[in-house]
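In this note's numbering, the protein residues as written are 370 to 496.
We put the CB at the ideal spot given by N, CA and C, even for glycine.
Note that the structure is a prediction, hence the values are computed from the model and not measured.
The structure under discussion appears below in the form of structure tokens.
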Amino acid sequence: MLRRDVKPGNGTSLLTYQNQANMKKQIENAKPAVEARASEIYYREKQLASERYIHTRNKEMEELKKENNRIFGRLLNIYEKKHPALSNHKAGSLSVTKKKLENAKINHENLKLGAKLIKMGSDVPDQ
């Protein structure tokens, strides 16, 4: 512990120098421990980062799958309401439903193509 009888010309600059020297020694003594702790935390975080990334990615994938299933279910319900023949299918005949859904998609694409051709034909002037 330092004595603090600070008077002008009574070694105040020496006291300041001693305080600075003591602080430097304390910092130098603490530096290896702080660096060791920091590097330990850094390596631990580096190892956990990949696990966190994988966990987050899996979670997002599960959420996307749920959302896709929900949207597909809504589309199927809308399709069944527009085409009542599909609503009479048996619960076990999912492949029949898939085939009918694929056929409906093909029909929809054909209708879009037909509408495009009609539009193109109407743009041509009559001769």
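| Item | Value |
| --- | --- |
| Cα-Cα separation between K428 and K474, rounded to whole angstroms | 31 Å |
| L482 versus T425 - alpha carbon distance | 42 Å |
| Heavy atom of the ligand COA within 6 Å of Y412 beta-carbon | Ligands displayed in this structure: none; no statement on the ligand COA is therefore possible. |
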